[in-house]
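Enquirer: Chains as they are written, first to last, in the working numbering: chain A, 12 to 185; chain Y, 186 to 433. Let me begin by handing over the structure; questions about it come next.
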Amino acid sequence: MERVIQVLNRMLADRVIENYAIGGGIAAIYYLEPYQTDDIDVFIPAVTVSVGEVGLISLEPIYSYLKELGFTPLKEGVVIEDWLVQFIPTFEPMQDEAISKSRRIKFGDTETNIFTAEHLAAELLRSGRRKDHLRVIALLESNHVNVQQLRSIINRYNLTEKWKKFARQFDLEE
Amino acid sequence: MKDEAVDLAHMRVEDLFEAKSKRRERLSNLPFEEKIRIVKKLQSVYPLTQVGFLTLVNDLLVPICLDLGIHMSRRSGAMFPHYVRGQWLYDVDNRHAVTIMRWLFGREERVEGWQESDFKPRLAFGAELRMGIDRLFLNNEKVAQNGFSQKSWREKLPISFRTFDAANGRWIAEWLTEPTEADCKVHFDIRFNRDLEEKLEKLLHLQVSVTALSNDPVKNLLLIQPFVIELLEGLENSNSVTDLGKIR
């Protein structure tokens, strides 16, 4: 996975992307126990990939850049070495904050950005699939999440209703 | 994990939950790199989807086939009556291995897509596919290839996933960009990668006079070989621009 991170950092240095942070399953694995996942979700600010005044999103510059480096698009991502990397342009302000406030961590000798446990939990809550909810529970149980900070994110980004529904479902304090 | 003997007769449901919880905690506390290694092992049990693997194989075979001027299609039972002797075919099994064959030639090459618990790096996998295909060429075919038909520049220098053994290790070549012709010269941009863990790559820009290029790809490969090896064995982060315009 270090090679993937090196490529992401190179994209950053070459200004192909403005910023990035790893979210999704890989970020969850950073805080929790490992489980099977096939891809790496890389969140990028939508402003980087917006085209024209209407802000149409195009990943073409990213794909072209990676193709030049020899990495071919596959399914909904790009295969970099043995990982399917998915670039996800942000579509919620909370995701932009998740990138800007991401944690700087090291993988091997290479530094990368990863969602904080609180932003990851909020994003999983927003996403709202059953498996996402289970990860939120696991994150809360892991003690990696600062509940006050999570509540702050939930309140600021209009996720209160989702939290209430989730809390009722899992018998948590609303 | 503890080596204590487990007394199944006295085990309670709570013990199982506790053991599971401890296991989760232990795994959660592993270094991130170690966790990712476990993920890769899990991926080998539940690997990349078959469709994804097929797409990858196709993406690797396309440049090789373009270079070698051959057409390769996936073997289909329904097409058996229509295949002609010597036709290039490939198939992928559910263990992520590719079998390359020539119809009714009685020879085939099997290339594994996985090594131990990890998926093979794309270039290494491409190189093995290339070697498999090369082994299935027949001698007289190579002669046939040396005919007078007008070949594309790629066919004149079939470099895709070809391996070069230099003193400092094995390098795998692929096109950086499509060859182009300008001012009676053909411009070849080739990327070489060594040791996929180190991610060391070198670029070679070759300008070859059109008249210096043979219709025989083997001769062209021999022509560039010294320049390639000089580059590969040179300084670690060097790239090279070579003009072969005066040769011939």
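Where a beta carbon is used, it is the ideal one built from N, C-alpha and C, also for glycine. The model shown is predicted, which means the values in this text are computed figures rather than measured ones.
Could you compute how far the alpha carbon of Pro216(Y) sits from the alpha carbon of Pro306(Y)?
Expert: To locate residue 216(Y), count along the second sequence from 1; it is residue 31. To locate residue 306(Y), count along the second sequence from 1; it is residue 121. Near 24 Å, if we compare the C-alpha coordinates of Pro306(Y) and Pro216(Y).
Enquirer: In chain Y, which residues lie with their C-beta within 7 Å of the C-beta of Thr83(A)?
Expert: Stepping through the first sequence from its first residue, residue 83(A) is reached at position 72. Correct list: Asp244.
Enquirer: Can you pull the chain A residues whose beta carbon is under 7 Å from the beta carbon of Pro306(Y), in chain order?
Expert: Taking the first residue of the second sequence as 1, we reach residue 306(Y) at position 121. Simply Glu92 and Asp93.
Enquirer: Give the single residue among Phe98(A), Leu161(A), Ile68(A) and Ile148(A) whose Cα lies nearest to the Cα of Phe181(A).
Expert: Locating residue 181(A) in the first sequence gives position 170, counting from the first residue. For Phe181(A), the nearest C-alpha among the options comes from Ile148(A).
Enquirer: Please check if any C-beta of chain Y sits within less than 8 Å of the C-beta of Tyr76(A).
Expert: Locating residue 76(A) in the first sequence gives position 65, counting from the first residue. Cβ-Cβ to chain Y under 8 Å: no for Tyr76(A).
Enquirer: Using a Cβ cut-off of 8 Å, pull out every chain A residue sitting near Gly298(Y), in sequence order please.
Expert: Residue mapping note: residue 298(Y) aligns to position 113 of the second sequence, counting from 1. Neighbours of Gly298(Y) on chain A: none; closest Cβ ~10 Å, over 8 Å.
Enquirer: Could you check whether the Cβ of Ser153(A) sits closer than 8 Å to any Cβ belonging to chain Y?
Expert: In the first sequence, residue 153(A) corresponds to position 142, counting from 1. Answer yes: the Cβ-Cβ gap between Ser153(A) and chain Y drops below 8 Å somewhere.
Enquirer: Output needed in chain order: residues of the region 213–229 of chain Y with a Cβ under 7 Å from some Cβ in chain A.
Expert: Listed by position along the chain: Ser213, Phe217, Glu218, Lys220, Ile221, Ile223, Val224, Leu227 and Gln228.
Enquirer: Here's the rule I'm using: 16 or more other beta-carbon atoms within 10 Å means buried, otherwise exposed. How should Ser258(Y) be labelled?
Expert: Within the second sequence, the letter at position 73 stands for residue 258(Y). Exposed.
Enquirer: Mind the definition here: the region 114–131 of chain A touches the region 17–36 of chain A only if three or more C-beta pairs lie below 8 Å; say whether that holds.
Expert: Touching, per the Cβ criterion.
Enquirer: So with Cβ pairs under 8 Å, would you call Tyr31(A) a contact of chain Y?
Expert: In the first sequence, the residue the question calls residue 31(A) occupies position 20. Answer no: the Cβ-Cβ gap between Tyr31(A) and chain Y never drops below 8 Å.
Enquirer: Can you tell me the Cβ-Cβ gap for Glu340(Y) and Asp252(Y), rounded? I've got them flagged as a contact below 8 Å.
Expert: Position 155 of the second sequence, counted from the start, is the residue given in the question as residue 340(Y). Position 67 of the second sequence, counted from the start, is the residue given in the question as residue 252(Y). Rounded, the Cβ-Cβ distance is 6 Å, consistent with contact.
Enquirer: Select from Pro84(A), Ser163(A) and Pro100(A) the residue whose C-alpha is nearest the C-alpha of Glu129(A).
Expert: In the first sequence, counting from the first residue as 1, residue 129(A) sits at position 118. Looking at the Cα atoms, Ser163(A) is the closest of the given residues.
Enquirer: Tell whether a beta-carbon distance below 8 Å holds between Pro84(A) and Val224(Y).
Expert: Walking along the first sequence from the start, residue 84(A) turns up at place 73. Walking along the second sequence from the start, residue 224(Y) turns up at place 39. Contact: no.
Enquirer: Would you decide whether Asn154(A) is buried or exposed? Buried here means 16 or more other CB atoms lie within 10 Å of its CB.
Expert: On the first sequence, residue 154(A) is found 143 positions in, with the first residue counted as 1. When all chains shown are included, Asn154(A) counts as exposed.
Enquirer: Starting from the N-terminal side, write out each stretch of the beta strand (DSSP E) that is 3 residues or longer and does not extend beyond the region 350–421 of chain Y.
Expert: If we require 3 residues or more, the beta strand (DSSP E) runs fully inside the region 350–421 of chain Y come out as 354–367, 370–379 and 385–394.
Enquirer: Using the C-alpha atoms, what's the distance from Ile414(Y) back to Ala351(Y)?
Expert: Your numbering for residue 351(Y) matches position 166 in the second sequence. Your numbering for residue 414(Y) matches position 229 in the second sequence. Going by the C-alpha atoms only, they are around 6 Å apart.
Enquirer: Kindly list the residues whose CB is nearer than 6 Å to the CB of Asp276(Y), restricted to its own chain and excluding five residues on each side of it in sequence; keep chain order.
Expert: Numbered from 1 along the second sequence, position 91 holds the residue referred to as residue 276(Y). Once the five neighbours on either side are set aside, the close Cβ partners of Asp276(Y) are Arg260 and Thr284.
Enquirer: Between the alpha carbons of Thr171(A) and Glu297(Y), how many angstroms are there, rounded?
Expert: Numbered from its first residue, the first sequence carries residue 171(A) at position 160. Numbered from its first residue, the second sequence carries residue 297(Y) at position 112. Rounded to the nearest angstrom, the two C-alpha atoms are 50 Å apart.
Enquirer: Do you know offhand how far Leu150(A)'s Cα is from Ile28(A)'s?
Expert: If you number the first sequence from 1, residue 150(A) lands on position 139. If you number the first sequence from 1, residue 28(A) lands on position 17. For Leu150(A) and Ile28(A), the distance between alpha carbons rounds to 29 Å.
Enquirer: Cβ closer than 7 Å: which chain Y residues qualify as neighbours of Thr48(A)?
Expert: In the first sequence, residue 48(A) corresponds to position 37, counting from 1. By Cβ distance, chain Y contributes Val224.
Enquirer: Let me know the secondary structure DSSP gives Ile255(Y) once reduced to three states.
Expert: Your numbering for residue 255(Y) matches position 70 in the second sequence. The answer is coil: DSSP assigns Ile255(Y) none of H, G, I, E or B.
Enquirer: Shorter than 8 Å from the beta carbon of Arg209(Y) to some beta carbon of chain A?
Expert: Stepping through the second sequence from its first residue, residue 209(Y) is reached at position 24. Yes, contact with chain A.
Enquirer: Using the beta-carbon count (16 or more within 10 Å), is Val395(Y) buried or exposed?
Expert: Taking the second sequence and counting its residues from 1, one reaches residue 395(Y) at position 210. Looking at its Cβ environment, which holds fewer than 16 other Cβ atoms inside 10 Å, Val395(Y) is exposed.
Enquirer: Quick one: list the residues of chain A neighbouring Arg449(Y), beta-carbon separation under 8 Å, in chain order.
Expert: Within the shown structure, residues of chain Y are numbered from 186 to 433, placing residue 449(Y) beyond reach of any answer.
Enquirer: Return yes when the Cβ of Leu77(A) is within less than 8 Å of the Cβ of Val89(A), no when it is not.
Expert: As a working note, residue 89(A) is residue 78 in the first sequence. As a working note, residue 77(A) is residue 66 in the first sequence. Cβ atoms of Val89(A) and Leu77(A): closer than 8 Å.
Enquirer: Using beta carbons (cut-off 8 Å, strictly below), is Gly354(Y) in contact with chain A?
Expert: Counting from one through the second sequence, the residue named residue 354(Y) turns up at place 169. For Gly354(Y), the answer is no, since every Cβ of chain A falls outside 8 Å of its Cβ.
Enquirer: Within the chosen definition, does the region 91–100 of chain A reach the region 14–24 of chain A through at least 3 CB pairs nearer than 8 Å?
Expert: Yes: the two stretches touch, three or more of their Cβ pairs being nearer than 8 Å.
Enquirer: Does the beta carbon of Phe126(A) sit closer than 8 Å to a beta carbon anywhere in chain Y?
Expert: Residue numbering aside, residue 126(A) sits at position 115 when the first sequence is read from its first letter. So no, Phe126(A) is outside the interface.
Enquirer: Along chain Y, in chain order, which residues have C-beta atoms closer than 9 Å to that of Gly119(A)?
Expert: Start at 1 with the first residue of the first sequence, and residue 119(A) comes out as number 108. Neighbours of Gly119(A) on chain Y, chain order: Glu218.
Enquirer: Among the candidates Pro266(Y), Arg280(Y), Trp288(Y) and Ala282(Y), whose CA atom is the shortest distance from the CA of Leu274(Y)?
Expert: The sequence position of residue 274(Y) within the second sequence is 89, counting from 1. Closest by alpha carbon: Trp288(Y).
Enquirer: Measuring only the C-alpha atoms, how far is Ile409(Y) from Ser399(Y)?
Expert: Mapped onto the second sequence, residue 409(Y) falls at position 224. Mapped onto the second sequence, residue 399(Y) falls at position 214. So the two alpha carbons sit approximately 12 Å from each other.
Enquirer: Closest to Asn3(A) by C-alpha separation, out of Phe102(A), Ser111(A), Ile55(A) and Leu136(A), would be which residue?
Expert: It is not possible to answer for residue 3(A), since the shown part of chain A is limited to 12 through 185.
Enquirer: Could you tell me which of Asp278(Y), Cys250(Y), His256(Y) and Arg295(Y) sits nearest to Val269(Y), measuring between CA atoms?
Expert: Counting from one through the second sequence, the residue named residue 269(Y) turns up at place 84. Checked all of Asp278(Y), Cys250(Y), His256(Y) and Arg295(Y); the closest Cα to Val269(Y) is His256(Y).
Enquirer: Determine, using beta carbons only, whether Glu294(Y) comes closer than 8 Å to chain A.
Expert: For this step, residue 294(Y) is matched to residue 109 along the second sequence. No, its Cβ sits nowhere closer than 8 Å to a Cβ of chain A.
Enquirer: Hey, quick one: how far does the beta strand (DSSP E) through Lys117(A) stretch, first residue to last?
Expert: On the first sequence, position 106 is the one that residue 117(A) refers to. Per DSSP, Lys117(A) belongs to the beta strand (DSSP E) from Arg114 to Phe118.
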